[in-house]
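Enquirer:
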Amino acid sequence: MNPDKPRRQLGGELVIPVLAIVFTLYFFSTIWNSPWTAQVSAFAVGSILLLVCAMFILRCILSIRSGEGSLGFATLFSREDLATGRIGLLITTVGFCVLIEWLGFTLTTFLFLSISMIILAKGKRPVFIAAVSAAMALGGWAVFIWAFDTRFPRGWFETTMKAVLSNG
Amino acid sequence: MGETSAILVEVFFETLSFWWVIIPTIFLGLIVGGIPGFSAANTIIILMPLTLAMTLQTGLVFMVTLYCSARMGAGIPAILVNIPGTAGAAATPLDGYPMAKQGKGQQALAISFVSSSIGGLLTTLVALATMPILARVGFYMHSVEMIVVMLFGISLIASIASQDMLKGLIAGFLGLMIGSIGTDVVYATPRGTFGFLELYDGVPLIPALVGLFAVSEAFVIIEKRVIVAKEGGAVKGSWTDTFDGVRIALSRWWHIIWTSIIGLIIGVIPGAGASIASFVAYQQSRSFSKTPELYGSGHPEGLIAPESANNGVTSGTLVPLLVLGIPGGATAAIMLVVMQFHGVSFGPSLFESQPKIGYGMFMAMAVAYLLMFFTILPLSRYMSHVTTVPTIYLAPMIISFTLVGGFVPREYMFDMYLALGFGLLGYIARRTGYHVAAILIGIILGPLLERYFLLALKKSDGDISTLFSSNLGNVLWVGLVLSLVLPIYFGRRRKQKVIPT
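Chain order of the listed sequences is A and B. What the first sequence shows, in numbering that gives the first Met the number 0, is residues 0 to 167, in sequence order. What the second sequence shows, in numbering that gives the first Met the number 0, is residues 0 to 500, in sequence order.
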C-alpha cells in the first residue's frame with residue numbers, strides 16, 4: 000500500500016447497499032404469507048440484490064483490512080455542505096413541501112426562491128433576488144394557473160386572483 | 000396507388016396551410032415537454048375543451064404537433080441540466096449532459112433536434128408506407144415476447160454498470176425492487192408500501208424521475224458556479240456550434256435511421272412506450288458501436304440513439320390507433336376520445352371513408368417535424384446559455400418547478416414528499432458513485448417485466464418453459480443473447496488487432 004495515497008472513504012459508499020438490504024428484508028416481510036404471484040418476482044430480484052450487496056460489503060471489508068479504504072463518510076457529508084449552503088437548501092426544500100399545501104404555489108415559490116437564493120448567495124444582492132423570485136413565481140402563476148388552469152396547489156393568492164379576474 | 004398519392008400530396012399542402020397552428024403549438028410543446036409532470040397527454044386533457052371547439056382538422060394538427068414537440072422538448076432539460084422532461088428522455092442525459100458540461104450544450108441540442116426531426120419524419124413516412132404490416136405487430140407481441148423486449152431495455156443496466164459492475168447491479172436491482180412496490184397484478188396483495196395507500200398503484204414515475212434526476216442534480220450543481228465545467232471552456236454562443244451539431248448528426252445518418260426504426264417498432268406495440276424504446280436503442284447503439292467505451296462521456300451516438308428512438312415512437316403509436324382503433328399510449332388514447340367526439344370511427348375503413356383524416360394525422364406529424372427542424376434549431380444557440388446561469392439561481396428554480404411537477408399528475412401532496420425522498424436517494428447515489436439512471440431503468444421497466452412474467456406464468460399454469468414456447472419469442476431471445484455476446488466478441492477482436500500494432 001502507498002502511504003501517500005489517501006484512503007478511499009467507503010462509509011458513504013455503503014449507505015446505498017445498507018438501505019437496499021434493509022428495504023429488501025422489509026419487502027420480504029410484507030410478502031411472506033402472500034400468494035405466489037406476489038412473491039415470485041420480488042424474491043428473485045430481492046435475492047440477487049442481497050447477493051450483490053453482500054459481495055460489495057465483502058469487497059469493502061477486504062479493502063479496509065488491506066488499508067486501502069476507511070469507513071469515513073467524507074464523500075457524502077463534509078464541512079463543504081454547510082459552506083455551500085446545501086444544508087440550508089435542504090431545509091428550505093422541506094419547508095417548500097410543507098408550506099405549499101397551505102400557502103399555495105405562488106406565495107410558497109416566492110418565499111422558497113428568495114430564501115434559498117439568499118442562502119446560496121450568502122446574503123448578497125437581496126433586492127435582485129427578491130425581484131427574480133417574484134418574477135418567477137408570478138410567471139409560473141400566469142402560465143400554469145391563470146392561462147392553462149393546471150392542477151397546482153392553490154392558496155390565498157390564487158383564490159384572490161381568481162376572484163379578482165372573474166369579477167373583471 | 001395514384002389516387003392515394005394524389006390524396007397524400009393534397010393533404011400535405013393542406014396541412015402546411017395550418018402553419019399558424021403548428022408553430023405556436025411547437026413552442027407550447029417544448030415548454031410542457033421540458034417540465035417533468037407536464038406531458039403532452041396532460042396538456043391535451045387540460046386543453047380538451049379548446050380542442051373539441053376546434054374543427055376536426057385543426058384539432059388533429061394541434062394534438063399531433065403538441066405530441067411531437069413535447070417529445071422533442073423533453074430532451075432539452077435532459078441535455079442542459081440533466082433533468083429529463085419525461086421518462087422517454089431518461090436515456091438522453093447519459094451522453095447529452097456530459098456534452099453540456101464540456102461546453103458543448105449548443106452542439107448537443109443541435110444533434111438532438113436533428114436526430115429527433117429526421118427520426119420522427121423518417122418513421123412517419125415508413126409508418127405511412129407499411130401501415131398494414133406494422134398494425135399486425137401488436138397481435139404477435141404476447142407476454143413472452145414482451146418479457147424479452149423488457150430485458151433488452153434492462154440489459155442497459157449491465158452497460159451502465161461496466162465501470163463498477165457491483166455498484167451498477169446494486170443500483171439496477173434496487174430500482175427493480177422499488178418498482179415492485181404496490182399491489183401484485185393478480186391478487187392485488189399490497190407489497191412494500193410502508194402502509195401508504197398512495198403506493199398501492201406502485202411508485203409513481205414522475206416523482207421518481209423528478210427526485211432522482213432534478214432534485215438530486217440541484218443539490219449537486221451548487222458546488223459549481225455554473226454547470227459548464229472549467230475545463231469545458233466557456234459557451235461561445237456562435238452559430239458554428241449549431242452547424243457542427245447538424246454536421247455531426249447528419250454524418251451519422253445511418254445511426255439515426257436504425258435507432259428510429261427501433262422506436263417505430265416499439266411504438267407500434269400497445270403498452271410499450273418511449274422510455275423502453277430509448278433504453279433499448281441506447282443499449283443496442285452501444286452494443287454495436289466501434290467505440291462503446293466513449294458512451295456515457297458525451298458521445299454523439301449516445302445522444303442520437305435515444306432521441307431518434309423516442310421520436311420514432313410517436314409515429315408508431317398512431318398505427319394501431321388509426322388502423323385498429325387501439326391507442327398505443329396515453330396521448331393516442333386522448334386523441335381517440337377527441338376524434339370519436341367528432342364522429343370519426345377507426346379501423347381499416349377509415350382510409351377509405353375519410354382518407355384525409357387517416358392520412359392527415361401522419362401528414363400533420365411529417366409537417367410538424369419539418370417545421371420543428373427549422374424553428375427550433377436556431378434556438379439551440381440561445382437555449383444553451385442555461386448552462387451559464389449561476390447555479391445559486393438555477394438550483395432553487397429547478398427544485399421548485401420540478402417538485403410541483405411531481406404533484407401535478409395525481410394531485411397528492413404525498414408525491415412531493417416522495418420526490419424529495421427520491422431526491423435524497425439520488426443525491427447519495429451521485430455522491431457515492433451509483434448511477435441514478437440504472438435505478439430509474441429498474442423503476443420504469445421492473446413493474447412491466449413483472450406483469451408480463453406473471454401473465455406468461457398464469458397462462459401456462461406456472462410452467463417456466465413457456466418463456467421459450469413461441470417462435471417469435473425464441474427469435475427475440477436469440478437476438479438478446481447476440482446483442483449481449485457479440486459486442487464482447489467484437490471488443491476482444493478489436494483489442495487483439497490493436498495489441499500487435
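For each residue, glycine too, the CB sits at the ideal point set by N, CA and C. Note that this is a predicted model, so its numbers are computed, not measured.
Looking at C-alpha atoms only, which residue of B/I303, B/F340, B/N309, B/P354 is the closest neighbour of B/L321?
Expert: Comparing Cα-Cα distances from B/L321 to each of B/I303, B/F340, B/N309, B/P354, the minimum goes to B/P354.
Enquirer: Could you name the residues of chain B that A/A5 contacts, counting a contact when the two beta carbons are closer than 7 Å?
Expert: Correcting the residue identity first, residue 5 of chain A is Pro in this sequence and not Ala. Going along chain B, no residue has its Cβ under 7 Å from A/P5, so there is no contact; the nearest lies around 16 Å.
Enquirer: Going by other Cβ atoms of all chains shown within 10 Å of its Cβ, with 16 needed for buried, is B/K100 buried or exposed?
Expert: Under this definition B/K100 is a buried residue.
Enquirer: Contact criterion: CB-CB distance below 8 Å. Does B/Y186 meet it with respect to chain A?
Expert: Chain A, which has a Cβ nearer than 8 Å to the Cβ of B/Y186, makes this yes.
Enquirer: Quick one: Cα of B/L378 to Cα of B/P23, how far?
Expert: Taking the straight line joining both Cα atoms gives about 14 Å.
Enquirer: Quick check: the Cα distance between B/F26 and A/L112, rounded to an integer number of angstroms?
Expert: C-alpha separation (whole angstroms): 26 Å.
Enquirer: Express the C-alpha separation of B/L479 and B/L150 in angstroms, rounding to a whole number.
Expert: Cα-Cα distance, rounded: 8 Å.
Enquirer: Check each residue of the segment 399 to 411 of chain B: if its Cβ is closer than 8 Å to any Cβ of chain A, include it; give the result in chain order.
Expert: Per Cβ criterion, the list reads S399, F400, L402, V403, F406, V407, E410.
Enquirer: At a CB-CB cut-off below 8 Å, which residues of chain B make contact with A/E100?
Expert: Chain B residues near A/E100: M412.
Enquirer: CB B/A280 to CB B/T313, shorter than 8 Å?
Expert: It is not a contact, given that the beta carbons lie outside the stated cut-off.
Enquirer: Kindly list the residues whose CB is nearer than 7 Å to the CB of A/C52, restricted to its own chain and excluding five residues on each side of it in sequence; keep chain order.
Expert: Once the five neighbours on either side are set aside, the close Cβ partners of A/C52 are P16, A19, I20.
Enquirer: Using only the alpha-carbon positions, how far apart do A/I144 and B/T390 sit?
Expert: The alpha-carbon atoms of A/I144 and B/T390 are separated by roughly 26 Å.
Enquirer: Would B/K496 be called buried (16 or more neighbouring beta carbons within 10 Å of its own) or exposed?
Expert: With fewer than 16 Cβ atoms within 10 Å of its Cβ, B/K496 is classed as exposed.
Enquirer: When DSSP builds the beta bridges, which residues end up paired with B/P291?
Expert: DSSP, once it has assigned bridges, lists no residue as partnering B/P291.
Enquirer: Give the DSSP-derived three-state secondary structure of B/T241 in the structure shown.
Expert: Three-state result, B/T241: helix.
Enquirer: With contact counted as at least three CB pairs below 8 Å, one residue from each stretch, are the segment 421 to 438 of chain B and the segment 165 to 181 of chain B in contact?
Expert: The segment 421 to 438 of chain B is in contact with the segment 165 to 181 of chain B.
Enquirer: Tell whether a beta-carbon distance below 8 Å holds between B/I205 and B/L393.
Expert: No, the Cβ-Cβ distance between B/I205 and B/L393 is not below 8 Å.
Enquirer: Listed in chain order, which residues of the segment 12 to 29 of chain A have Cβ atoms closer than 7 Å to some Cβ of chain B?
Expert: Taking 7 Å as the Cβ-Cβ cut-off against chain B, the residues of the segment 12 to 29 of chain A that qualify are E12, V14, I15, P16, A19, F22, T23, Y25, F26, T29.
Enquirer: With DSSP collapsed to three states, give me the class of B/G324.
Expert: In this structure, B/G324 counts as coil in the three-state DSSP scheme.
Enquirer: Can you give me the C-alpha to C-alpha distance between B/F421 and B/V209, rounded to a whole angstrom?
Expert: Near 8 Å, if we compare the C-alpha coordinates of B/V209 and B/F421.
Enquirer: Please tell me whether A/I90 has its Cβ less than 8 Å away from any Cβ of chain B.
Expert: Closer than 8 Å: no.
Enquirer: Using the three-state DSSP reduction, which class does B/T500 fall into: helix, strand or coil?
Expert: In this prediction, B/T500 has a pLDDT of 49, which is less than 50 and means its spatial position is unreliable; what the coordinates show is noted afterwards. Looking at B/T500 - three-state DSSP - the assignment turns out to be coil, as it is neither helix nor strand.
Enquirer: Counting Cβ pairs, one atom from each stretch, are 3 or more of them under 8 Å apart for the segment 41 to 59 of chain A and the segment 73 to 81 of chain A?
Expert: These segments do not touch.
Enquirer: So if DSSP puts A/T7 in a beta bridge, which residue, or which two residues, is it bridged to?
Expert: Looking at the sequence shown, residue 7 of chain A is not Thr but Arg. BP columns for A/R7 point to A/G68.
Enquirer: Am I right that B/A345 and B/G311 are in contact with their C-beta atoms under 8 Å? What's the rounded C-beta distance?
Expert: Note that residue 345 of chain B is Phe in the sequence shown, not Ala. Between B/G311 and B/F345 the Cβ distance is about 22 Å, and since that is not below 8 Å, they are no contact.
Enquirer: For B/I487, does the count of other Cβ atoms within 10 angstroms reach 16, so buried, or fall short, so exposed?
Expert: Counting Cβ neighbours within 10 Å, B/I487 comes out exposed, since fewer than 16 surround it.
Enquirer: If you reduce the DSSP assignment to three classes, tell me which class B/I450 lands in.
Expert: Before going on, a small fix: residue 450 of chain B reads as Arg here, not Ile. Correct three-state label for B/R450: helix.
Enquirer: Taking A/A37 and B/T188 to be in contact with their CB atoms under 8 Å, please state how far apart those CB atoms are, rounded to whole angstroms.
Expert: Yes, they are in contact, since the Cβ atoms of A/A37 and B/T188 sit about 4 Å apart, within 8 Å.
Enquirer: Could you name the residues of the segment 307 to 334 of chain B whose beta carbon sits closer than 7 Å to any beta carbon of chain A, in the order they occur along the chain?
Expert: Within the segment 307 to 334 of chain B, no residue qualifies.
Enquirer: By DSSP's criteria, B/P189 is part of a beta bridge. Which residues make up the other side?
Expert: Looking at the DSSP assignment, B/P189 forms a beta bridge with B/T182.
Enquirer: Who are the near neighbours of B/V185 in its chain, counting only those whose CB is closer than 8 Å to its CB and skipping five residues on each side?
Expert: Answer for B/V185: L453, K457, listed in chain order.
Enquirer: Closer than 7 Å by beta-carbon distance: list the chain B residues that pair up with A/P125, in chain order.
Expert: Under the 7 Å cutoff, chain B gives no residues; its nearest Cβ is about 13 Å from A/P125.
Enquirer: So for A/T83, helix, strand or coil by DSSP?
Expert: A/T83 falls in the coil class under three-state DSSP.
Enquirer: Is B/F195 close to chain A? Criterion is C-beta to C-beta, closer than 8 Å.
Expert: No, B/F195 does not count as interfacial toward chain A.
Enquirer: For the segment 309 to 368 of chain B, list the alpha helix (DSSP H) runs that are entirely contained and at least 4 residues long, ordered along the chain.
Expert: Listed in chain order, they are 329 to 340, 349 to 352.
Enquirer: Looking at B/S115: is its Cβ nearer than 8 Å to the Cβ of B/G74?
Expert: Yes; because the gap between Cβ atoms is below 8 Å, this pair is in contact.
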